[in-house]
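Report on the structure given below.
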Amino acid sequence: MLKYSIRRLLGMIPMLILISIVVFSLAKLMPGDSLSGEIDPLNTNPEYIAEMREKLGYNDPLPVQYFNWITGFVQGDFGKSTRFKIPVFDLIMEKVPNTLLLGVTALVITYIMAFMMGMYSGRRPYTLGDNAIAGFNYIMLAIPSFVAAVFAIYIFAFQLNWFPFAGSVDILVERGSFEYYVSRMHHVLLPALVLGAMSTASYTQFLRNDIIENSRKDFVRTARAKGTPIKKIYNVHILRNSIIPLVTFLGFDFAALIGGAIITETIFTYPGIGQLFLESVTSRDYPTLMALTMLLSFLTLLGNLLADILYGVVDPRIRLD
Amino acid sequence: MKKKSLLWLFALVLILSAFLAACGGSDDTTSDSGSEGEGSSEEGEPQQGGTLVYGLDAPPEGLFSSAFYGIATDFEVIDLFDEALISYNENLEPEPNVASWETEDNKVFNFTFEEGVKWHNGEELTVNDWVFALETLADPDYDGPRYTNVQTVEGAEAYRSGDADSISGIEVVSDYEITITFDEARVNNLTNLWAYPLPESVLGDVPVAEMSASEWVRSTPIGIGPFKVDKIVPGESVEFSKFDEYWNGDVNLDKIVLRVIDNSSVVGALQNSDIDMISLQPVSGPEVEPLENVKIVTYPGLTYYYVGFKLGKFDNESQTISEELPKYQSKELRQAMMYALNRQEWVDAFFFGYADVVNKPVPTSHWNSADDSELTQYEYDPEKAMQMLDEAGYVDTNDDGFREDPDGDEFVVKFSHYATGNPTFESRAQAIAQYWEEVGLKTDVEMVEVNLYYDMVEKDDASIETFFGGWGTGVDPDPSGLWKSDQLWNYPRYNNTESDQLLDDALDIEIVGTDQDKRTELYVEWQKILNEELPMLYIAELEEIVALNNRVGGVEYDVSGQNSPAEWFVTE
């Protein structure tokens, strides 16, 4: 397995180089640059903008710019954000805790809901309950997240006053105190619910179908013949086998955890990676934009590798060689 | 793909928020919807104590220093904890604040500082902090955009190029007195000069190149204002508390909490009294007006919108207008296109009454703005527009319903507008095109992504013929930077020696001396020319709109902005 992992990791290198070229070209193909919006006759002048373009190297030939960027990048220097004027690494690290908290909470909510619904549906396929669950899942999948977010804010924050409508923490509580963590959880719950409840469909239906399929297999018949309680058959024998395909999703989830939720974060004013990504695109903040895209590409590749390895772990029949 | 879905997002959010607001307001009684002009909130006895929640509808970047900030949102935050040495009154004329000044020739200025002004870290403010600020801006490593505000001080160039160790025009007399000499006498030397100090006690040891990323600018900024920053949660909130050693009188509030909220939540947050004050977009105005616990205050802004004509091409190397474009050179054509526009209807439809039609490129609040009685008003008059077009030779010769140019060739007006996520931009561009088509001018509208748009306008791209734009002007009313023929930002490429001469004269101390009336005369004359020539069609100037909860008092606005937060209070 170690040999396999190393081989896969090495195989990522050419892939990442290709991705970096694509990311760089796409970023530079966008019209305008980080200074084109900065025209303000009050406190700047054309000379300043021309000077900054020169300083930032926007006048160099593209291959030179690419080479400068990639050499720094490989050495861990992601550059300095043209918008926030601080190193991109610091900027990302500032946002990652928020995004991780939101991502993990949302994932936990998705898992809990999907497992409950999937197991129920799988055990009683084609009943009213199963159809209701499927209907609910697909409606949630169809509702765009910004619509759900706006409604959730209106109902739960403004009408019922259960949750705060924006932000990641109440600034008035002491940092590091118990109330601080309670406040953070309180703030993260509503966006996490919106994110988590919206994406249960794939897990639920996958689990349901697998449970139905497995329940017709020989080992289930044998178990029944032995007189094993139905409950035990479903919760132990079948579930164990049915979880395996879900591992595929884990790979995708891995990148999504860090990638954040662009729309949801923006509407909830929840400062995370998604919001940062959107801002870096609109303000042509190349260093931030390119670093984030590279980071997400890398995580997706890594997530796939992780999923492949996990297959081997959970199902010994699959051999990685 | 992403752009398209974003557009949909904004469209739907707008529709939804309108829908949600409709759900919320069960009765239609309108509360106080503000007064025109200088707005002030309810009169009442100032109360001590309490917390005010200040809303922002866009996240700040986190550059909380007057010398380094880049966007207006950051400045809104800075404005709560710092103040300038010089302030401006409602006519945008400079007034002493911490510093008062004397000058005899508009070249050498003697400034005197108030004694006992304290920074939030307890150090006393001296003129050295100002010298430190000016030297920072003039430093070759300085990465902000404000060198232009020190450039005119004698010796600033030499300091920047490394030929001198200090700026020769700055002479410190004592801790509270300083003399600043400019490179030449100008009427606007004072308004152009950088008037914010930087605390040398904290930033003195930081290399200039690292200042904008430093802790002091990011998370522990200090100033000399009535409130000090307690805590910052990046991108979402800032906590301020009363500064007990504030130099200029008492402070009413105990705390200000600043919160960033998304545009889609503004109306709900105001209705629930979750925020006490926030600047509104015109589109939110009609939704906020019916709320009973909120009042709307408007005050004149310094932004105007226009439709420009490309009359030439600019050569950036020689800084001149090198080529004249023939298509829109006819003054009668431009005037007819102005008469064809129903600007009042357009402004009411797209700015919900929070804007006024204008006929000149100088905001009405500036002291040098020409009175409407001296200018042609260009009231909506399609008959007159058609008549003028007929006379100028733009007639329909091939019966296709649209006019041809005087040579008999097809004449199509190309109108460009920038596109962002805002779904109203396309309809407002189409509305303008429709006015022109009604008088027989065929018009093609092109929406261009906003970053690309300004790039194309600036580079005189051939596909830009008539274009929509807006300018915000500052406290200095001199329009030279946007109108002289050697300026890159003279987007219409307007080239008129008489206009250039007037603008130069109005700044020439030999001609106008220090007499403001004389300057006004020259500027009015200049505006008359621009009003007659119409190198751009002036559309409207915007009003600034603020929503205030009824419990907030003591807040006043004029064209220079809000009054000192020290005077604000809340009633429970």
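One line per chain: the protein sequences are A and B, in this order. When we follow our numbering, the leftmost residue of the first sequence carries the number 15, and every step to the right adds one. When we follow our numbering, the leftmost residue of the second sequence carries the number 381, and every step to the right adds one. For every residue, glycine included, the Cβ atom is placed at its ideal position computed from N, Cα and C.
Residue i, DSSP secondary structure in three states
i, result
"Y527 (chain B)", "helix"
"S644 (chain B)", "helix"
"D454 (chain B)", "helix"
"V828 (chain B)", "strand"
"V488 (chain B)", "strand"
"R333 (chain A)", "coil"
"D736 (chain B)", "strand"
"Y194 (chain A)", "helix"
"A518 (chain B)", "coil"
"K793 (chain B)", "Per the sequence shown, the amino acid found at residue 793 (chain B) is Val instead of Lys. Note: V793 (chain B) maps to strand in three-state DSSP."
"T532 (chain B)", "coil"
"L23 (chain A)", "helix"
"V511 (chain B)", "helix"
"Y815 (chain B)", "helix"
"E504 (chain B)", "strand"
"E845 (chain B)", "coil"
"P101 (chain A)", "strand"
"T823 (chain B)", "strand"
"L70 (chain A)", "coil"
Chain B residues whose Cβ lies nearer than 8 Å to that of residue i
i, result
"P111 (chain A)", "Result: empty, since nearest Cβ-Cβ is about 11 Å, beyond 8 Å."
"K42 (chain A)", "The premise fails here: K42 (chain A) is roughly 13 Å from chain B at the closest Cβ pair, so nothing lies under 8 Å."
Residue i - partner residues in DSSP beta bridges
i, result
"T700 (chain B)", "B:D695"
"V932 (chain B)", "B:V950"
"T296 (chain A)", "According to DSSP, which records beta bridges pairwise, T296 (chain A) is partnered with nothing at all."
"S617 (chain B)", "B:V613 and B:R639"
"Q942 (chain B)", "B:Y937"
"Q467 (chain B)", "Looking at the sequence provided, one finds Ser at residue 467 (chain B) rather than Gln. Beta-bridge pairing links S467 (chain B) to B:E475."
"S480 (chain B)", "B:T492"
"F448 (chain B)", "According to DSSP, F448 (chain B) bridges with nothing at all."
"G850 (chain B)", "B:Y685"
"K622 (chain B)", "B:F607"
"L436 (chain B)", "B:V640"
"T431 (chain B)", "B:K635"
"E551 (chain B)", "B:T559"
"A799 (chain B)", "B:E829"
"M657 (chain B)", "B:Y434 and B:L928"
"E784 (chain B)", "B:E790"
"K498 (chain B)", "B:E504"
"K94 (chain A)", "A:P101"
Neighbouring residues, chain A, relative to residue i (Cβ below 7 Å)
i, result
"E463 (chain B)", "The contacting residues do not exist; E463 (chain B) stays about 17 Å from chain A at best."
"E954 (chain B)", "No statement about residue 954 (chain B) is possible, as the shown extent of chain B runs from 381 to 952 and does not include it."
"E829 (chain B)", "P45"
"S592 (chain B)", "K99"
Where residue i meets chain B, residues with beta-carbon distance less than 9 Å
i, result
"I285 (chain A)", "In the sequence under discussion, the amino acid at residue 285 (chain A) is Pro, which differs from the Ile named in the question. Simply P439, V613, P614, G615, E616 and V640."
Contact list for residue i against chain B, beta-carbon separation under 7 Å
i, result
"I281 (chain A)", "D642 and S644"
"E108 (chain A)", "P614"
Closer than 6 Å: residue i CB and nearest the ligand NAP heavy atom
i, result
"L290 (chain A)", "No copy of the ligand NAP occurs in the structure displayed, which carries no ligand at all."
task = Check distances from the C-beta atoms of the region 628 to 641 of chain B to those of chain A and list, in chain order, the residues that come in under 8 Å.
result = V637, R639, V640 and I641
key: Near-chain A residues of the region 594 to 619 of chain B (beta-carbon distance less than 9 Å), N- to C-terminal order   = V597, R598, D610, K611, I612, V613, P614, G615, E616, S617, V618 and E619
task = Would you list, in chain order, the members of the region 512 to 544 of chain B that have their beta-carbon closer than 8 Å to a beta-carbon of chain A?
result = D523, P525, R526, Y527, T528 and N529
query = Taking any Cβ of chain B, which residues in the region 156 to 187 of chain A have a Cβ under 7 Å from it, in chain order?
reply = F160, V161, V164, I167, Y168, F172, F179, A180, G181, S182, V183, I185 and L186
ask   = Got a sec: which bits of the region 640 to 659 of chain B sit with their beta carbon under 8 Å from any beta carbon on chain A, in order along the chain?
value = Correct list: V640, I641, D642, S644, S645, G648, A649, Q651, N652 and D654.
message = If we require 4 or more residues per run, which alpha helix (DSSP H) segments fall completely within the region 659 to 691 of chain B?
response = 665 to 668
query = What are the complete alpha helix (DSSP H) segments, minimum 4 residues, inside the region 556 to 604 of chain B?
reply = 569 to 572, 580 to 583, 588 to 591 and 595 to 598
task = Return the residues of the region 295 to 309 of chain A that lie within a Cβ-Cβ distance of less than 7 Å from chain B, sorted by chain order.
result = R298
ask   = Quick one: complete beta strand (DSSP E) runs, 3+ long, within the region 163 to 226 of chain A?
value = none
query = Can you list, in chain order, the stretches of the beta strand (DSSP E) that have 3 or more residues and sit fully within the region 868 to 932 of chain B?
reply = 916 to 929
task = Please list the segments of the beta strand (DSSP E) lying wholly inside the region 730 to 774 of chain B, counting only runs of 3 or more residues, in order along the chain.
result = 735 to 737
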